[in-house]
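Novice:
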Amino acid sequence: MTAENETPSACAGSSSRAVRDALDVLTGKWKLPILMAISIGAIRFRKIANEIPGITDKMLSKELKDLEINRLIERTVLPTFPPTVEYSLTRHGRTLDKVIAELSAWGAAHRKEVTGN
1 MTAENETPSA CAGSSSRAVR DALDVLTGKW KLPILMAISI GAIRFRKIAN EIPGITDKML
61 SKELKDLEIN RLIERTVLPT FPPTVEYSLT RHGRTLDKVI AELSAWGAAH RKEVTGN
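In this text, residue positions in the sequence shown follow the UniProt record's numbering: the first is 1, and each later residue adds one.
#1: Does the separation of the CB atoms of phenylalanine 45 and valine 77 fall below 8 Å?
#2: Thinking C-beta only, is leucine 60 closer than 8 Å to alanine 42?
#3: Am I right that residue 118 and leucine 103 are in contact with their C-beta atoms under 8 Å? What's the rounded C-beta distance?
#4: Quick one: residues in its chain with C-beta nearer than 8 Å to the C-beta of arginine 75, no 5 flanking neighbours on either side, listed in chain order?
#5: Report all residues from its chain with a CB closer than 7 Å to the CB of leucine 26; omit the five preceding and five following residues, and keep chain order.
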């Protein structure tokens, strides 16, 4: 029997579960672009919105809350009047830097494969 025909090991089940967990947190049209916008450093809501064409304020607010719940970003209210709010990646959120870089490289290679450009 070749490796291609072998029955998946028990490890494949836990690996599959881990991939599903990651996709549950990161899927959707907006989460990765938001994380990429925030990766440059602490950034305000309006600047994030300006960095992501097509996102509505309502959707950005919803996605920011979701990313905060998943401990990928943190929201800091600065003591100004009116209050200023900034968003930044958490230490846990920074662990996605390599993942996003790999996705970017794969996306570029895939585009070249499919379109020839």
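We put the CB at the ideal spot given by N, CA and C, even for glycine. Every value quoted in this text rests on a predicted model; they were computed, and no experiment measured them.
Specialist: Looking at the atomic coordinates:
#1: Working through the sequence shown from its first residue, we reach residue 45 at position 45. Working through the sequence shown from its first residue, we reach residue 77 at position 77. In this structure, valine 77 does not lie closer than 8 Å to phenylalanine 45 by Cβ.
#2: Looking up residue 42 in the sequence shown gives position 42. Looking up residue 60 in the sequence shown gives position 60. Taking 8 Å as the Cβ cut-off, alanine 42 and leucine 60 do not qualify as a contacting pair.
#3: Outside the shown range of the chain (1 to 117) lies residue 118, about which nothing can therefore be said.
#4: Within the sequence shown, numbered from 1, the residue matching residue 75 stands at position 75. Excluding positions up to five away in sequence, the list reads Leu64, Glu68, Val85, Glu86 and Tyr87.
#5: Locating residue 26 in the sequence shown gives position 26, counting from the first residue. Around leucine 26: Leu32.
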